[in-house]
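Below is one structure; the comments refer to it alone.
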Amino acid sequence: MFIKNLNDEQRQTIERNTGAAIEIVVEGSPAFYSNVLVGDILIKINGTDVKDAPHALELMRDLDANAGKIIFTVIRNGKEKEIQIELKKT
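Residues in the sequence shown are numbered consecutively from 0, following numbering that gives the first Met the number 0.
So, in structure tokens, the structure goes:
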């Protein structure tokens, strides 16, 4: 998955300055199978507000590898949506 900072147009559209835009979702990845979409705006990871793309990467890097899942809160089509991403198969 590749993310970048929000541009001015995205900030205006979602009416907020914080978050990160999802630019690429790798086919076959946990995010792909959890239906994370290109264009989603990532605003929270496991309940923690995402400031920008570097902060989102830091939050993901600091996750417990044994947790098994991540909860992304995204804005899609103007609405907040929670997406549970399973990190490992059981």
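All C-beta atoms, glycine included, are put in the ideal place defined by N, C-alpha and C.
If you're wondering where the values come from, they're calculated on a predicted model, not measured in any experiment.
{"Query": "Supposed contact pair Val37 and Glu26 - C-beta distance, whole angstroms, cut 8 Å", "Result": "Glu26 to Val37, Cβ: 11 Å. No contact."}
{"Query": "Endpoints, the beta strand (DSSP E) within which Leu41 is located", "Result": "Ile40 to Ile44"}
{"Query": "For Thr73: DSSP bridge partner residues", "Result": "For clarity, residue 73 is Val in the given sequence; the question names Thr instead. According to DSSP, Val73 bridges with Leu41 and Lys80."}
{"Query": "Sheet register partners of Phe31 (DSSP bridge)", "Result": "None, per the DSSP bridge assignment."}
{"Query": "Neighbourhood of Ile2 by C-beta distance below 8 Å, restricted to the same chain and skipping five residues each side", "Result": "Ala19, Ala20, Ile21, Glu22, Leu41, Ala52, Ala55 and Leu56"}
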